[in-house]
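As structure tokens, the structure follows; a few thoughts come after it.
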Amino acid sequence: MLNTMIGASIFGLPSLIAARLGRWSPIAYFVAFAGVALIAACLAEVASYFQEAGGPYLYAREAFGRFVGIQIGWLTWLSRISACSGVANLFITYLTAFVPAAQAPVVRGGILAALIGFLAAVNYRGVTNGKWLSNFFTVTKVLLLALFIAAGLTALALHPNIRATPAAVPAAAGDWLAAVLLMVYAYGGFEAALFASGEASNPRKDAPVALAIALTTATLLYVAVQYVVIYTLANPAATTKPAVDAARQFLGPLGVTLVAAGTLVSVYGYLSANMLHTPRVTFAMGERGDFPAFFARIHPRFRTPHISILAFAALLLLFSVAGDFRWNATLSAVARLFMYGAVAAALPALRKKRPDGAEFRLPGGTVFAVLALIFTGLLLTTVRWGEGVVVLGTVAIAAANWVWARKKEGKKI
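The letter at position 391 of the sequence shown is residue 602 when you use this note's numbering, and the numbering goes up by one with no holes.
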């Protein structure tokens, strides 16, 4: 969960958040944490009903039926593809610190193909290989982030001459909502680990604890990084590489190189985690007849959903070559809000349908669900036309998918 959350966001978003909120941006992460924690609390109970793979798609299908399940499955897929394509582009942005030619179209495409292809090959050969690679990236990125934060806070305490004064940005309610929407992208991904529940040892008991630890850890890291960036850069909103530019203010050349390299590791780790988790969505949909059956095929030797892995890798490469970080981040957050709303709404529905089925029961669960729906509803008021068109197009495709699935079975569902 931690690896899936901490990726591009912590290195790409501080400048975007600072542009919206200025000196208030570190505090805003606590606001976002409160809203996301409501959703995560609902997810903790809802996930404890299931042992199978599928995540929010499976939860929505069980709670509200096939039509809603397919809709959430497609929106989940959209949120993961757009999130990862934005991250892949940020990888190229930071890579130019070492290889300036990486921005050239042909070189950029070749690098993206190599990065994504390697991750697809590792996960194609087995979930254990993918899990260990994901864990390696998680430990590495957290250690490097801790170094960046410790060095930045120490420099601010011992060398006040490097301290910048954050701009007093006049933040209206719309700015706060827009900033929190981007932070949903930063927090997003905690649900992705549950896509592979069918291959985990005891997800019904482990998920609630993992959610609490991952969200708390990510919040502390986000706030600390945001603080260091806005108090060491005179104009953090003007940079596309806030972590590296901030490191230049308090670390020597070797330290800056280390932070830049750590950023690449973090971003690649994010892609690694998603290559492990996301194909399990289409696998689960194919397994239940909601997607073509070949998406549910298991490799005879490696025991992995190899077709789903290859399909995700191909779409990820396509979106990455044509994508843009800012737009993809917003699109991912918007698609994710619908998924999160479905998870919150599923809590009271599943309690009614399966009153004794939960391994974990959230105290005051219905209140949490209502508050989570209010939170997602408020953020959806910020959706712009561009993202709205893509989401509506995805909904239309999902509706056609549902019609196909009904005809395929030859009966009314």
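Where a beta carbon is used, it is the ideal one built from N, C-alpha and C, also for glycine. These numbers were taken from a predicted model, which means no experiment stands behind them.
| query | How would you call VAL600, buried or exposed, if buried means at least 16 neighbouring beta carbons within 10 angstroms? | reply | exposed
| Which of helix, strand or coil DSSP assigns to ASP386 | helix
| request: Following the continuous alpha helix (DSSP H) through HIS510, name the residue where it begins and the one where it ends. | output: Run containing HIS510: none; DSSP gives neither H nor E here.
| Spatial distance of THR451 from PRO566 (CA atoms) | 49 Å
| query | Between the segment 232–252 and the segment 462–470, do three or more beta carbon pairs fall short of 8 Å? | reply | no
| task | Since I believe LEU393 is in contact with ILE217 (beta carbons under 8 Å), could you give me their beta-carbon distance rounded to a whole number of angstroms? | result | Wrong, their Cβ atoms sit about 15 Å apart, outside the cutoff.
| From GLY552 to GLY597, what distance separates their C-alpha atoms? | 21 Å
| said: Given this structure, state the Cα-to-Cα distance separating LEU487 from ASN334, to the nearest angstrom. | reply: 6 Å
| Looking only at C-alpha atoms, which of VAL614, ARG234 and ILE238 sits nearest to LEU431? | ILE238
| said: Taking the beta carbon of GLU498 as the centre, do at least 16 other beta carbons fall within 10 Å, making it buried, or is it exposed? | reply: buried
| query | What's the gap between the Cα of LEU355 and the Cα of ARG617? | reply | 50 Å
| task | State the DSSP-derived secondary structure class of LYS452, mapped to helix, strand or coil. | result | coil
| query | For PRO490 versus ILE520, is the C-beta distance shorter than 8 Å? | reply | yes
| task | Report all residues from its chain with a CB closer than 8 Å to the CB of PHE586; omit the five preceding and five following residues, and keep chain order. | result | GLY246, LEU249 and ILE250
| said: Is the beta carbon of TYR479 closer than 8 Å to that of PHE275? | reply: no
| said: For ARG537 and ALA389, which I take to be in contact (beta-carbon distance under 8 Å), what is that distance rounded to the nearest angstrom? | reply: Rounded, the Cβ-Cβ distance is 12 Å, inconsistent with contact.
| message | Only counting the same chain, and skipping five residues up and downstream in sequence, which positions put a Cβ closer than 6 Å to that of ALA252? | response | LEU573 and PHE579
| task | Check whether the Cβ atoms of GLY568 and TYR268 lie closer than 8 Å to each other. | result | no
| Inter-residue CB distance, VAL455 and VAL470 (contact presumed, cutoff 8 Å) | 6 Å
| Nonlocal neighbours in the same chain, by C-beta distance under 8 Å from ALA609, ignoring five residues either side | ILE281, GLN282, GLY284, TRP285 and LEU286
| query | Whose C-beta lies closer than 7 Å to the C-beta of VAL545 among residues of the same chain, with five residues either side of it excluded? | reply | VAL594, GLU598 and VAL602
| request: Give me the Cα-Cα distance between LEU526 and THR577, rounded to the nearest whole angstrom. | output: 37 Å
| For MET550, the three-state DSSP class (helix, strand or coil) | helix
| query | According to the neighbour-count rule (16 or more other Cβ atoms, all chains shown, within 10 Å of its Cβ), is PRO225 buried or exposed? | reply | buried
| Close-in-space but distant-in-sequence residues of the same chain around ASN446 (CB under 8 Å, 5 per side omitted) | ALA378
| query | For the alpha helix (DSSP H) that GLY328 lies in, which residues bound it at each end? | reply | 316–335
| request: Give the DSSP-derived three-state secondary structure of ARG537 in the structure shown. | output: helix
| What number of angstroms, rounded off, separates the C-alpha of PRO516 from the C-alpha of TRP288? | 15 Å
| Cα-Cα separation between GLU410 and GLU273, rounded to whole angstroms | Residue placement at GLU410 is poorly supported in this model, since its pLDDT is 47, which falls under 50; the coordinates are not used for a value here.
| If you count every other CB in all the chains shown that lies within 10 Å of the CB of ARG512, and 16 or more means buried, which is it? | exposed
| query | Out of MET212, ILE221, TYR270 and GLY223, which has the shortest C-alpha to C-alpha gap to VAL554? | reply | TYR270
| task | Taking only the alpha-carbon atoms, compute the straight-line gap between ALA315 and THR304 and give it to the nearest angstrom. | result | 11 Å
| query | What's the call for PRO453, buried or exposed, on a 16-neighbour Cβ count within 10 Å? | reply | buried
| Backbone CA spacing between VAL257 and LEU561 [nearest angstrom] | 8 Å
| field | ALA507 versus TRP613, ALA313, GLY265 and ASN372, residue with shortest Cα-Cα distance | value | GLY265
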